[in-house]
Amino acid sequence: MTTGSCAVAGRDEIDARILRVLRDDGRISNADLAAKVGLSPSACLRRLRLLESNGTIRGYTALIEADEHEHHMVVLTQITLERQTEESLNRFEAAVRRCPEVRDCYLMTGLSDYLMRIEVADAGDYERLHKEVLSRLPGVARIQSSFAIRTVVGRG
């Protein structure tokens, strides 16, 4: 590709344009999507279905604005494990998947092993989560947390 993005096997520039448009508007009609990427509606729909069937597009999501009475505190938490064996990583990841407050969890390079985005009601709720859940996750050696002041860009 000439746009500076990484080419993924089987994807071309038209697929990349489809994905860019869908990132901005997942509810766009097929006719409008086809017009924006320069395809006929039937060709666009074929490509869209292929991107869905091969797992490139895993689903569609509605981003819901929080109710004015429903305030969440966002905490970015770095976790370092005692060991980085496959078994340790698998046990930790399985336990994290059962924690509903953890909205995102990424395996990282660098000083910590995982970065998590956690949503809690307030500092007291995070203290409870830290004490009762995070510190008891399998293999945890260190937890470092930062509290978000406000969202500047939020896309998901």
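Just so you know, we're using the UniProt record's numbering here: the sequence shown kicks off at 1 and counts up by one. Positions of the beta carbon are idealized from the N, C-alpha and C atoms, including for glycine.
Rounded Cβ spacing between residue i and residue j (contact assumed at less than 8 Å)
| i | j | result |
| --- | --- | --- |
| Val120 | Val75 | 6 Å |
| Asp15 | Arg47 | 6 Å |
| Leu33 | Val21 | 6 Å |
Counterpart residues of residue i in DSSP-defined beta bridges
| i | result |
| --- | --- |
| Arg142 | Thr80 |
| Ile118 | Val75, Val102 |
| Leu45 | Leu45 pairs with nothing; no bridge assigned. |
Residue burial classification, residue i (beta-carbon count within 10 angstroms, cutoff 16)
| i | result |
| --- | --- |
| Thr85 | exposed |
| Arg136 | exposed |
| residue 178 | A question about residue 178 goes unanswered here, because the residues of the chain that appear run from 1 up to 156. |
| Val153 | exposed |
| Ile149 | exposed |
| Ile18 | buried |
| Ser5 | At Ser5, the pLDDT of 39 sits below 50, so the modelled position is not reliable; the number obtained from the coordinates is stated separately. The residue in question, Ser5, is exposed, as its Cβ has fewer than 16 Cβ neighbours within 10 Å. |
First through last residue of the alpha helix (DSSP H) which encompasses residue i
| i | result |
| --- | --- |
| Gly124 | 123-132 |
| Ala62 | Note, Ala62: premise wrong, no alpha helix (DSSP H); not H, not E. |
| Asp15 | 13-24 |
Residue from the options with nearest C-alpha to residue i
| i | options | result |
| --- | --- | --- |
| Ile79 | Thr61, Ser53, Gly59, Tyr114 | Tyr114 |
| Arg128 | Cys99, Leu45, Thr109 | Cys99 |
The ligand GTP heavy atom lying under 6 Å from the CB of residue i
| i | result |
| --- | --- |
| Ser53 | This structure lacks the ligand GTP, and indeed carries no ligand of any kind. |
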